[in-house]
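Asker: Chains as they are written, first to last, in my numbering: chain A, 1254 to 1837; chain B, 657 to 1132.
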């Protein structure tokens, strides 16, 4: 017997008479078959959060239980897709119903008609365990999709054939203890359950992002977690998009959770035209978009971050480094609050449900660099970067606080920096990265030991500047001794010529880690020379007039191709010019 | 309207029944008992004992009970005789070309004494969400003739750019000036204005109507008026009526529509009133927890669609209670809209018009609409440099108040002067002054040229050479 609707109030629907209702079962509600999920059971009634607009639904309408929990379909065809929060392909929906999203739509997440060429690599008759690679499919020019034995399946490989298949065709089977299990190019996974791994590894490889303040000062490791809290207009989205564009991960999953439609459009419009710095292929070939904009149904917003991270874990299991951008986790938390309010649950802080902290921690815990379930012990990683949108920019609110407890990098965005167009407006005094210690060996090996020292000195200079500024506020800059004026001068160069980085400039948008080293070294050694010159009687005002200083401020436009030459030349010129002033 | 399948009315139950089972009236809500199966969001017609009719909408439906929100006052409603008819459809608006030049009330009924709009096309006012995949990136520069907007916070077609203002500030004059002057640089495409007033005074409404009339914009305008004396509950639907009309004009009639929504603060207060009556768990300052979602369903209806000629650009106006930008209404709005124009009391006191403070203002879509081929190649650099110079100049102003101007370095004194010149020459302009983007940039260059090259780090060297207006002050 099918159930019926008993009550409708916004996205929350009370149902009666559902067969075998289990928590988190997916149900179809009403004659349109709206997708929903069971979130509470009391006696014979089941409360359902509906992922679509419930207007027009009435008591007595039919409800049907699918008996399955909310899952995503994982297989070739995920890349380059744009999905809504419950993995419905938005491009397919547009083709079938037009420019506005109608309700009750069902569209397969992976195109069931596309034929993929499968090249088998596993031996028939051999033992297979969860994660064993059966073969590969070239999903895009950038990414080789590994077809794996799904978690929970182990036994003898009975049959496996190469050739062209759709995601619905069986490619072979495994003889398990419980009988033969057919194999497909695609598998399903429940979004609220993390995909299993063999072991978690320490975070000791830098995620190179090409963003100077990130890579040099507040780095995130592959498999790490970072959060970006900031008031509106402080540049959260631009920073996340920059990371999505330039981070050296293999795959990017970008979750637009309750944010602006035009921002997703921007990603859709720009990513196909941007090149991956390494392979020169369009960035879209390694990108998956989950778009649940702010005007789309609120319950699907709640599901969207889980959909995103499950897809990320799937590619991690193949052995890839995946970066997940969630913009914004505050909207996800607000979706939880809204649903909780409609359930009339006892609220915790600021109306958020009492389980807010647990949900946030569980989500970030799905990040990590891991040894996957596989016979050969492949490693892969999921890095999670979550934007937080605290009301009024005040990070004492529950979502920010609960996030700070679990995320290990904190990029504090500062409205006063943003208003003077200092971008990225990451405040260098408040931000931190707990990965710095773990990553030091990486910097020493991959770059040089000098970098770690330069970084430390640069941070100290900026800290010193903050202290000196307090004095300047009282007595004016002229009252400072020349040496301290020089410190202020170097700090200013660090802020304006190093930390400021334009996302919209062709050259400045990405700075290699080698160039970062040269830039830092140039600025700090200019500072050292300044101090020397002052010792010999020069003034800061004199030094500031040197033409070489203007050249230093244009370092960001030195092309990556000609790095060594131009920087060597610049440093030589600097030594000579500053030396001349000091000698005078 | 084949493309908008979901927007046709639902199937109507055979005969609408009159229910005389009103159980309770609380605030704007009516509790109707013994209702078989009212649809969520269904429109109802309420007949009062004196024969008067009002409209309402189902907010909560369960077996045997429907909670109805009344659009309009509940005065005169009783529990014995009032009858409620469930119409079996959700709220719709009849749309046609005849709407242009007309004035409606907050529920879309004629207010100007003219005939009702008769049309076969009725659209659901709760629009379906635009598929993000169908959106076209807004990139066409709209020249407003206001320097602070054009140069520093550029408006583009399909953007939603609210004006953050407060009591006593000239946001209406600014909005009217934008309507009057807004144009694409080279275009004669059709445009229309949709104006939705929520809870504003009749004086303010008359200001806008007169303004539209004198510039000839009225015949290209659709006006929805809900004045402060009108029922506050109507306000909850007014912006949706307006945006439904705007979508019709934009996507069916290929017009470029500028939508002005004022005052969003009154709208949010009406929403809070409903929420309080429903005894919902309140979020911040008593506003409902779903305020963000609700506002998003209004603001996100701006945009452009691939393959369709028209566009919707939104200019919502909101007054910040106690000038507080962290108040939930401006705060949530800022998180949804693509920037904001911030009207400043400080500049207003200095006698500067338009008193737009560019530092907290922002246009997120600016980079898409400016640069070579759109405005000018040096635009981005000039704008960033102005922001930086003005911010530093204001810091120096605060500092010189303490330590005196003499304690500042020579460079800092240039910043101090630049901030002064920026406010007096660049920000300040007459209400009827329509500056082209080139004129605005010329003023900017004149101010920036006071600096030596070494301070102008945001501008590429080649543009400095090309556009510098005069040598730096104090020689170089």
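Where a beta carbon is used, it is the ideal one built from N, C-alpha and C, also for glycine.
(1) Any C-beta of chain B within less than 8 Å: which residues of the stretch 1464-1476 of chain A qualify?
(2) Any idea what DSSP makes of residue 984(B), helix, strand or coil?
(3) Can you tell me where the alpha helix (DSSP H) with residue 1806(A) in it begins and where it stops?
(4) From residue 810(B) to residue 1750(A), what distance separates their C-alpha atoms?
(5) State the DSSP-derived secondary structure class of residue 962(B), mapped to helix, strand or coil.
(6) Have a look at residue 1351(A) and residue 1055(B) and give me their C-alpha separation to the nearest angstrom.
(7) Examine the Cβ distances between the stretch 1524-1533 of chain A and the stretch 1701-1719 of chain A and report whether three or more of them are shorter than 8 Å.
(8) Can you name the residues that DSSP bridges to residue 1318(A)?
(9) Which of the three DSSP states is assigned to residue 1129(B) in this structure?
(10) Using a beta-carbon distance below 9 Å, is residue 1246(A) in contact with chain B?
(11) Give the C-beta separation of residue 849(B) and residue 873(B) to the nearest angstrom, bearing in mind that I take them to be a contact with Cβ-Cβ under 8 Å.
(12) For chain B, check one thing: does any of its Cβ atoms lie closer than 9 Å to the Cβ of residue 1765(A)?
(13) Would a C-beta distance cut-off of 9 Å place residue 1331(A) and residue 1337(A) closer than the cut-off?
(14) Quick check on the DSSP output: what are the complete beta strand (DSSP E) runs of length 3 or more inside the stretch 1691-1761 of chain A, in order along the chain?
(15) Can you say whether residue 1489(A) is buried or exposed, counting buried as having 16 or more other CB atoms within 10 angstroms of its CB?
(16) Alpha carbon to alpha carbon, how far is residue 683(B) from residue 1270(A)? Give it in angstroms, no decimals.
(17) What residues from the stretch 713-724 of chain B come within 7 Å of chain A, judged by C-beta to C-beta, listed N to C?
(18) Closer than 7 Å by C-beta to residue 951(B): which residues in its own chain qualify, once you throw out the five before and the five after it? Chain order, please.
(19) Check this for me: beta carbons of residue 1169(B) and residue 882(B), under 9 Å apart or not?
(20) Report the neighbours of residue 1018(B) on chain A: residues whose CB is nearer than 7 Å to its CB, in chain order.
(21) Compare the Cα-Cα distances from residue 1287(A) to each of 1354(A), 1614(A), 1295(A) and 1728(A) and report the closest residue.
(22) On a Cα-Cα basis, can you pick out the residue from 751(B), 728(B), 755(B) and 783(B) that is closest to residue 776(B)?
(23) Could you give the residue range of the alpha helix (DSSP H) that holds residue 1040(B)?
(24) So for residue 1102(B), helix, strand or coil by DSSP?
(25) Go ahead and pull the three-state DSSP assignment for residue 730(B).
(26) For residue 1474(A), count the other beta carbons within 10 Å of its own beta carbon; 16 or more makes it buried, fewer makes it exposed. Which is it?
(27) Within 10 angstroms of the Cβ of residue 1047(B), are there 16 or more other Cβ atoms? Answer buried if so, exposed if not.
(28) Which runs of the beta strand (DSSP E) at least 3 residues long sit entirely within the stretch 714-792 of chain B? Give them in chain order.
(29) Which residues of the stretch 1540-1559 of chain A have a Cβ closer than 7 Å to any Cβ of chain B? Give them in chain order.
(30) Can you tell me the Cα-Cα spacing of residue 1717(A) and residue 1740(A), whole angstroms?
(31) Could you please tell me which residues of the stretch 967-983 of chain B, in chain order, have their CB closer than 7 Å to any CB of chain A?
(32) Does the structure place the stretch 939-959 of chain B close enough to the stretch 1000-1017 of chain B that three or more beta carbon pairs sit under 8 Å?
(33) So what's residue 1542(A) in DSSP terms, helix, strand or just coil?
(34) Have a look at 692(B), 1121(B) and 1026(B) and flag the residue whose alpha-carbon is nearest the alpha-carbon of residue 807(B).
(35) By Cβ distance, which residues of its chain are closer than 7 Å to residue 875(B), with the 5 residues on each side in sequence left out?
(36) From the DSSP output, read off the bridge partner residues of residue 1450(A).
Answerer: In terms of the structure at hand:
(1) So nothing in the stretch comes that close.
(2) Within the second chain, the letter at position 328 stands for residue 984(B). In the three-state reduction of the DSSP assignment, residue 984(B) falls in the helix class.
(3) On the first chain, position 553 is the one that residue 1806(A) refers to. In the DSSP assignment, residue 1806(A) falls within the alpha helix (DSSP H) that extends over 1800-1806.
(4) What you label residue 810(B) is simply residue 154 of the second chain in a count that begins at 1. What you label residue 1750(A) is simply residue 497 of the first chain in a count that begins at 1. So the two alpha carbons sit approximately 26 Å from each other.
(5) Position 306 of the second chain holds residue 962(B). Looking at residue 962(B) - three-state DSSP - the assignment turns out to be coil, as it is neither helix nor strand.
(6) In the first chain, counting from the first residue as 1, residue 1351(A) sits at position 98. In the second chain, counting from the first residue as 1, residue 1055(B) sits at position 399. Linking residue 1351(A) to residue 1055(B) through their CA atoms gives a straight-line distance of about 58 Å.
(7) Contact between the stretch 1524-1533 of chain A and the stretch 1701-1719 of chain A is not established, with fewer than three Cβ pairs separated by less than 8 Å.
(8) Counting from 1 along the first chain, the entry for residue 1318(A) is found at position 65. Per the DSSP secondary-structure output, residue 1318(A) pairs in a beta bridge with 1280(A).
(9) To locate residue 1129(B), count along the second chain from 1; it is residue 473. Here residue 1129(B) sits in coil by DSSP.
(10) What is shown of chain A runs 1254 to 1837, which leaves residue 1246(A) out entirely.
(11) Stepping through the second chain from its first residue, residue 849(B) is reached at position 193. Stepping through the second chain from its first residue, residue 873(B) is reached at position 217. Right, their Cβ atoms sit about 6 Å apart.
(12) Stepping through the first chain from its first residue, residue 1765(A) is reached at position 512. Closer than 9 Å: no.
(13) As a working mapping, residue 1331(A) is identified with position 78 in the first chain. As a working mapping, residue 1337(A) is identified with position 84 in the first chain. No. Outside cutoff.
(14) List check, beta strand (DSSP E) in window: nothing returned.
(15) One-based indexing of the first chain puts residue 1489(A) at position 236. With 16 or more Cβ atoms within 10 Å of its Cβ, residue 1489(A) is classed as buried.
(16) Working through the first chain from its first residue, we reach residue 1270(A) at position 17. Working through the second chain from its first residue, we reach residue 683(B) at position 27. Counting only the Cα atoms, residue 683(B) lies some 35 Å from residue 1270(A).
(17) Only 716, 717, 718 and 719 from the stretch 713-724 of chain B bring a Cβ to less than 7 Å from some Cβ of chain A.
(18) Working through the second chain from its first residue, we reach residue 951(B) at position 295. Cβ neighbours of residue 951(B) beyond the five flanking positions: 988, 989 and 992.
(19) Given a span of 657 to 1132 for chain B in the structure shown, any question on residue 1169(B) remains unanswerable.
(20) The residue you call residue 1018(B) lines up with position 362 of the second chain. Against chain A, the beta carbon of residue 1018(B) has neighbours under 7 Å at 1486, listed in chain order.
(21) For this step, residue 1287(A) is matched to residue 34 along the first chain. Looking at the Cα atoms, 1354(A) is the closest of the given residues.
(22) Within the second chain, residue 776(B) is the residue found at index 120, counting from 1. Shortest Cα-Cα distance from residue 776(B) to any of 751(B), 728(B), 755(B) and 783(B) involves 751(B).
(23) Position 384 of the second chain, counted from the first residue, corresponds to residue 1040(B). 1035-1059 is the extent of the alpha helix (DSSP H) around residue 1040(B).
(24) Your numbering for residue 1102(B) matches position 446 in the second chain. In the three-state scheme derived from DSSP, where H, G and I count as helix and E and B as strand, residue 1102(B) is classed as helix.
(25) Taking the second chain and counting its residues from 1, the one referred to as residue 730(B) is at position 74. Annotated three-state conformation of residue 730(B) is coil, per DSSP.
(26) Position 221 of the first chain, counting from 1, holds the residue named residue 1474(A). Burial is judged here by how many other beta carbons sit within 10 angstroms of a residue's own beta carbon; residue 1474(A) has at least 16 and is buried.
(27) As a working mapping, residue 1047(B) is identified with position 391 in the second chain. Residue 1047(B) counts as buried, since at least 16 other C-beta atoms from the protein chains shown sit within 10 angstroms of its C-beta.
(28) Fully enclosed beta strand (DSSP E) runs of no fewer than 3 residues occupy 721-727, 739-746, 748-750, 758-761 and 778-780 of the stretch 714-792 of chain B, in order along the chain.
(29) Those would be 1544, 1546, 1547, 1548, 1549 and 1551, in chain order.
(30) Locating residue 1717(A) in the first chain gives position 464, counting from the first residue. Locating residue 1740(A) in the first chain gives position 487, counting from the first residue. If you take the alpha carbons of residue 1717(A) and residue 1740(A), they lie about 8 Å apart.
(31) Hits within the stretch, in order: 982.
(32) Taking a contact to require three or more Cβ pairs closer than 8 Å, the stretch 1000-1017 of chain B and the stretch 939-959 of chain B do not qualify as touching.
(33) As a working mapping, residue 1542(A) is identified with position 289 in the first chain. In the structure shown, residue 1542(A) sits in a strand (DSSP, three-state: E or B).
(34) Counted from its first residue, the second chain places residue 807(B) at position 151. Out of 692(B), 1121(B) and 1026(B), 1026(B) has the C-alpha closest to the C-alpha of residue 807(B).
(35) In the second chain, counting from the first residue as 1, residue 875(B) sits at position 219. Excluding residues within five positions, the ones whose Cβ falls inside 7 Å are 756 and 757.
(36) By 1-based counting over the first chain, the position of residue 1450(A) is 197. The bridge partners DSSP lists for residue 1450(A) are 1625(A).
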